[in-house]
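The next block holds one structure in the form of structure tokens; read it before the comments.
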Amino acid sequence: ASSTSPLKDASSPYHLLFSLTETVMDTRTATAELGWISFPANGWEEVSGYDENLNTIRTYQVCNVFEPSQNNWLLTTYVDRRAAQRIYVEIRFTVRDCASIPSVLGSCKETFNLYYLETDRSMSDGIKGVEYWANAPFLKVDTIAADESFSQVDFGGRLMKVNTEVRSFGPLSKGRGFYLAFQDLGACMSLLAVRVFYKKCPSVVQNFAFFPETLTGAESTSLVIARGSCIQNAEEVDVPIKLYCNGDGEWMVPIGSCSCKSGYEPDNGNVCRACPQGTFKSSQGAGVCQQCPLNSRSTIEAATLCGCRNGYYRGDMDKPEDMCTSVPSAPRNLVSVVNQTSVLLEWHTPRDTGHREDLSYNILCRRCHSNERRACQPCDDSVLFLPGKRALKDNTVEISKLRAHTSYTFDIQAVNGVSNKSPYPAQQLSINITTNQAAPSVVPIMHQVSSTSRSFSLSWPPPEQPNGIILDYEIRYYDKSCFSHCSTSETPNVILEGLRPGTGYAVQVRARTVAGFGSYSKEMLFQTLTDDEYKSELGQQLSLIAGSLVGGVCIVSIVAIAIICSRYLTLTFPTLSEGHSSPGVKIYIDPYTYEDPNEAVHEFAKEIESSCVKIEEVIGSGEFGEVYKGRLKPLGKKEILVAIKTLKVGYSERQRRDFLAEASIMGQFDQPNIIRLEGVVTKSRPTMIITEFMENGALDSFLRQNDGQFPVIQLVGMLRGIASGMRYLAEMSYVHRDLAARNILVNSNLVCKVSDFGLSRYLEDEDTSDPTYTSSLGGKIPVRWTAPEAIAYRKFTSASDVWSYGIVTWEVMSYGERPYWDMSNQDVINAIEQDFRLPAPMDCPVVLHQLMLDCWQKDRNARPKFHDIVSMLDKMIRNPASLKAGTNNIGLGLAGTQRHLHTQIRR
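Using UniProt numbering, the letters of the sequence shown correspond one by one to residues 1 to 907.
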């Protein structure tokens with residue numbers, strides 16, 4: 001028999017369903033003798049009677065109150081516990097008031113005792129005798145007293161007052177069943193009914209997961225975990241899926257859930273129903289089936305997508321709930337304006353855009369030799385289209401650098417996001433045009449053929465596009481006096497005479513046709529010989545070898561004078577120079593971009609002779625080999641202490657590259673709070689990376705060894721040094737990715753320096769002030785120090801380094817305590833996702849904990865930059881009063897205080 005009891009608090013979000021009880025014995029249903037064992041014979045007596053509702057029941061009575069030293073036992077039949085670990089006993093009874101019994105002895109009681117005995121098998125009904133009862137290993141449950149007793153006479157007759165008491169006992173584990181025993185020590189009472197039951201949580205569907213019927217635990221406070229499984233047509237959302245069954249048989253604390261998969265919608269909260277025809281559901285979740293979008297349909301149940309009707313399509317970026325669309329019609333009203341060898345095309349939007357907003361145009365260009373399309377061929381690559389010839393959004397395009405007196409055909413195609421889905425070519429509109437006469441194009445380059453002290457000879461190739469017959473060329477030249485001279489030539493060569501000896505001249509040339517002059521070529525510098533050079537050259541022309549030597553001298557002289565003249569012209573005539581670029585900001589260069597990693601090492605790290613290095617003792621081990629303390633004695637310099645990282649024997653070429661990559665990274669940095677690279681040893685074995693020696697080692701272990709030894713102002717000074725080093729790295733567009741106290745080294749002056757660049761990568765700036773590196777390597781991530789977006793998406797930025805800096809600040813203020821203590825990595829991830837943040841360490845000033853909370857903002861754009869952090873720490877150092885443990889964040893601005901208050905409210 002089963003029964004349910006209502007929840008104690010139905011409004012509680014943790015209690016989900018009614019509890020369930022399973023009855024294993026109930027004397028109220030008995031129609032014959034119960035057959036329980038009683039001892040002694042004149043003790044308990046089984047009789048038929050009536051309950052308070054005058055229903056016939058079987059009861060046991062005892063009333064030996066006039067006899068002393070009563071010890072009457074009543075043993076039930078064997079009860080199978082059915083795997084239950086805790087049993088409940090509901091007892092309905094009446095007790096006679098001892099004061100209402102005349103001449104009763106002083107031993108009269110108004111209580112009785114309840115016992116139980118675990119066993120694997122039923123005992124023989126013949127077991128009787130004082131020996132058994134005295135030695136039976138019964139366990140007492142409780143002494144039970146009546147809330148109400150009755151007198152023999154009340155208002156002229158007998159009035160029964162029934163008591164109901166419930167007791168429980170457990171855990172049960174020694175047998176498959178048990179006996180109950182009732183002990184009377186001198187009461188006048190009657191057992192009206194005994195019901196024995198246990199509690200269980202009923203089978204249930206919760207969050208679209210099925211949980212089986214589950215027995216309660218051995219204690220009233222026990223929580224029993226029940227694993228759930230998704231119902232039919234549902235899939236997991238969060239795992240694990242489980243509920244807890246409490247001691248009252250109530251389900252509570254749901255963890256994980258399922259949801260209806262695509263093509264199915266929730267129905268009454270416990271069924272996933274298939275989407276009917278004409279509807280669809282594209283994704284898993286709580287959403288319902290939707291009607292098919294316009295121009296689409298579904299002909300099956302449980303459709304995840306509605307197929308497009310004939311002639312309609314979905315684009316690659318369209319969503320399943322978007323309507324199906326069609327390709328556009330052809331553009332309209334195409335007109336052209338020809339200007340010599342350029343043409344301007346304009347057109348109107350197609351009448352039918354296909355019900356899409358991503359309409360664009362492609363321009364196809366063909367050069368034709370006659371009016372027949374078969375005689376056309378694609379235009380040369382030199383033809384220029386502005387703003388372009390593909391994916392145009394505007395209805396106009398300017399086409400230039402066409403050939404003069406040439407016929408062209410232009411096709412304007414209208415396309416949209418589904419044009420590539422259609423089996424038919426895009427709709428287009430065509431136009432034929434013929435270009436006019438035009439000036440020639442620019443002469444590409446000039447060459448000096450010969451030179452004297454008063455003249456030089458030049459030649460040049462014709463323009464690539466003469467656009468007609470070249471009539472002549474105009475040559476313009478001038479020296480440093482900027483006095484311009486002109487000359488003409490009907491051929492592509494000229495001799496310029498009447499020049500000054502040893503002088504550089506800037507020369508330009510342009511071609512002319514009947515359409516006019518083309519543009520001047522770019523300026524080129526040519527040099528006349530000095531008189532001495534010219535005479536020397538004439539005197540030695542008889543000897544080929546001597547002439548060659550003189551020619552070489554002339555060339556060197558010309559180049560030198562050209563450079564001098566070029567610099568002079570740059571200063572005197574800025575319009576003649578091409579300008580120069582100012583030096584840029586130094587940016588970190590990723591050594592992995594080098595085809596040969598050795599090239600990066602040699603560029604950024606100094607090679608050291610192995611004879612200058614002396615290894616003394618092992619101080620640690622790294623990923624690639626041992627780390628030693630040693631001495632470096634460069635030639636002609638003072639000997640210094642160094643740390644030496646070595647590459648272990650038997651390395652692969654990739655391990656050597658990765659090992660030396662850290663040196664290529666460190667070698668690019670020069671800042672007091674970044675570990676300094678002294679050099680590398682690559683030309684002998686072992687391969688070594690040599691850095692400055694940091695006497696106090698890693699920051700985390702140093703702090704643990706000196707717990708509580710430093711004033712707060714000194715800790716802030718150490719944090720300021722770390723922030724300064726990270727500011728320098730951020731300005732170089734460099735992300736560390738593994739900032740932690742273990743990777744900060746401390747020297748004898750307590751200066752902190754950032755080290756360990758094994759996980760770092762270069763940030764490519766693509767028109768953004770906060771470039772992002774996306775890891776494609778996977779690998780291990782230091783979860784306790786890493787920002788949530790870096791864990792979830794492998795997105796590392798300077799903002800994720802700021803998050804790590806907040807963890808480092810917590811480590812420093814807690815003297816090297818482990819962040820998040822003994823929580824597992826997954827628990828840390830879940831806690832951060834639920835907005836948990838590390839509390840302030842003992843005696844930590846409020847302003848510093850507020851700085852940590854600012855670094856741990858979920859929105860990475862809301863976190864401070866490293867230059868902001870340096871500024872804040874400087875402000876604290878200048879105002880030591882703000883670093884008292886109980887001081888509010890005075891001087892850090894109203895926004896910081898408000899965030900602090902908000903955080904406290906949230907916590």
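The beta carbon of each residue, even a glycine, is placed where N, CA and C say it ideally should be.
Distance between beta carbons of residue j and residue i, contact taken as under 8 Å
| i | j | result |
| --- | --- | --- |
| Val62 | Asp184 | 5 Å |
| Asn233 | Tyr264 | 4 Å |
| Glu90 | Val166 | 5 Å |
| Arg351 | Ser382 | The pair is not a contact, with the Cβ atoms about 35 Å apart (cut-off 8 Å). |
| Glu321 | Pro293 | 6 Å |
| Ile412 | Gln428 | 6 Å |
| Trp73 | Gly43 | 7 Å |
| Ile869 | Tyr805 | 7 Å |
| Phe866 | Met726 | 5 Å |
Residue i - containing alpha helix (DSSP H), residue span
| i | result |
| --- | --- |
| Leu699 | 699 to 705 |
| Arg656 | 653 to 666 |
| Asp267 | No alpha helix (DSSP H) contains Asp267, which is instead part of the beta strand (DSSP E) from 264 to 267. |
| Asn825 | 825 to 833 |
| Cys98 | Where Cys98 is concerned, there is no enclosing alpha helix (DSSP H), given that its DSSP letter is neither H nor E. |
| Met876 | 866 to 878 |
Counted within 10 angstroms of its Cβ, other Cβ atoms place residue i as buried (16 or more) or exposed
| i | result |
| --- | --- |
| Leu20 | buried |
| Arg317 | Before going on, a small fix: residue 317 reads as Met here, not Arg. Exposed, since its Cβ has fewer than 16 Cβ neighbours within 10 Å. |
| residue 916 | Missing from the structure shown is residue 916; the chain here goes from 1 to 907 and no further. |
| Arg685 | exposed |
| Phe659 | buried |
| Tyr50 | exposed |
| Pro711 | exposed |
| Trp251 | buried |
| Pro864 | buried |
| Asp801 | buried |
| Thr29 | exposed |
| His849 | buried |
| Trp821 | exposed |
| Leu544 | Legend: pLDDT at Leu544 = 40, less than 50; position of this residue unreliable, no value from coordinates given. |
| Ile555 | Low confidence applies here, because Ile555 scores a pLDDT of 47, under 50, leaving its location unreliable and the question unanswered by this model. |
| Phe66 | exposed |
| Gly650 | exposed |
| Pro839 | exposed |
| Ala41 | exposed |
| Ala862 | exposed |
Residue span of the beta strand (DSSP E) that contains residue i, given as start and end
| i | result |
| --- | --- |
| Ser450 | 447 to 451 |
| Leu525 | 524 to 527 |
| Trp810 | No beta strand (DSSP E) holds Trp810; the alpha helix (DSSP H) holding it covers 798 to 813. |
| Glu678 | 677 to 681 |
| Val224 | 224 to 227 |
In DSSP terms, what residue i is bridged to
| i | result |
| --- | --- |
| Asn42 | Asn42 is not bridged to any residue. |
| Lys109 | Ala187 |
| Trp73 | Phe39, Gln183 |
| Ile475 | Ser487, Val509 |
| Glu398 | Leu344, Leu386 |
| Trp251 | Cys245 |
| Arg195 | Asp26, Glu90 |
| Val141 | According to DSSP, Val141 bridges with nothing at all. |
| Ile231 | Ile231 is not bridged to any residue. |
| Tyr50 | Thr56 |
Residue i CB to nearest heavy atom of the ligand FAD below 6 Å
| i | result |
| --- | --- |
| Arg297 | No copy of the ligand FAD appears in this structure; indeed no ligand is present at all. |
When the Cβ atoms of the region 402 to 409 are set against those of the region 306 to 325, are three or more pairs found closer than 8 Å? no
Given 8 Å as the limit, is there contact between the region 871 to 880 and the region 704 to 721, that is, 3 or more CB pairs closer than that? yes
For the region 296 to 305 and the region 272 to 282, state whether three or more C-beta atom pairs, one from each stretch, are separated by less than 8 Å. yes
Meets three-Cβ-pair contact criterion under 8 Å: the region 234 to 241 and the region 216 to 223: no
The region 721 to 732 contacting the region 627 to 642, beta-carbon criterion three pairs below 8 Å: Result no; under three Cβ-Cβ pairs closer than 8 Å.
The region 240 to 247 / the region 171 to 182 touching (three or more Cβ pairs under 8 Å): no
Should the region 446 to 454 be called in touch with the region 527 to 536, which here means at least 3 C-beta pairs below 8 Å? yes
Taking three-plus beta-carbon pairs below 8 Å as touching, is the region 603 to 612 in contact with the region 653 to 669? yes
Counting Cβ pairs closer than 8 Å, one from the region 355 to 369 and one from the region 383 to 393, do we hit at least three? yes
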